[in-house]
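Enquirer: Numbering (our numbering), first residue to last: 41 to 154. Take this structure, written in structure tokens, and hold onto it; I'll ask about it next.
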């Protein structure tokens, strides 16, 4: 079954008010993340899927992010199959950081991509 090309977007093109889903693990998230992002590690994703559907029940687009784009591509594919408007962020947090997009930490330390 072919679902066509995976919808994806460049990190620089994610709107500043866009809804970001971060599927990296806890240590990666702690190092630095997009402010306001929803954090659901890929390893917990199926169990916590309801948190996402609740957050986007208004039909808004989900920008799925991991470190470089591999895990987020798998999650994006899953979401698209569930008829959720999801796009993979090409290059993930590395591209986000490279584009000079802002990152935060929960503890106030300087943010970086782990």
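C-beta: ideal position from N, C-alpha, C; glycine also.
1. Scan the region 54-138 and note each continuous beta strand (DSSP E) run of 3 residues or more that stays entirely inside, going in chain order.
2. My understanding is that residue 103 touches residue 54, with C-beta atoms under 8 Å, so please give their C-beta distance in whole angstroms.
3. Looking only at its chain, what residues have a beta carbon closer than 6 Å to the beta carbon of residue 111, apart from the 5 residues adjacent to it on each side?
4. Need the endpoints of the beta strand (DSSP E) that residue 49 sits in, please.
5. What residues in its chain sit with their C-beta under 6 Å from that of residue 138, if we drop five residues either side in the sequence?
Expert: Looking at the atomic coordinates:
1. Fully enclosed beta strand (DSSP E) runs of 3 or longer: 59-62, 102-105, 126-130.
2. 5 Å
3. 63, 82
4. 48-50
5. none
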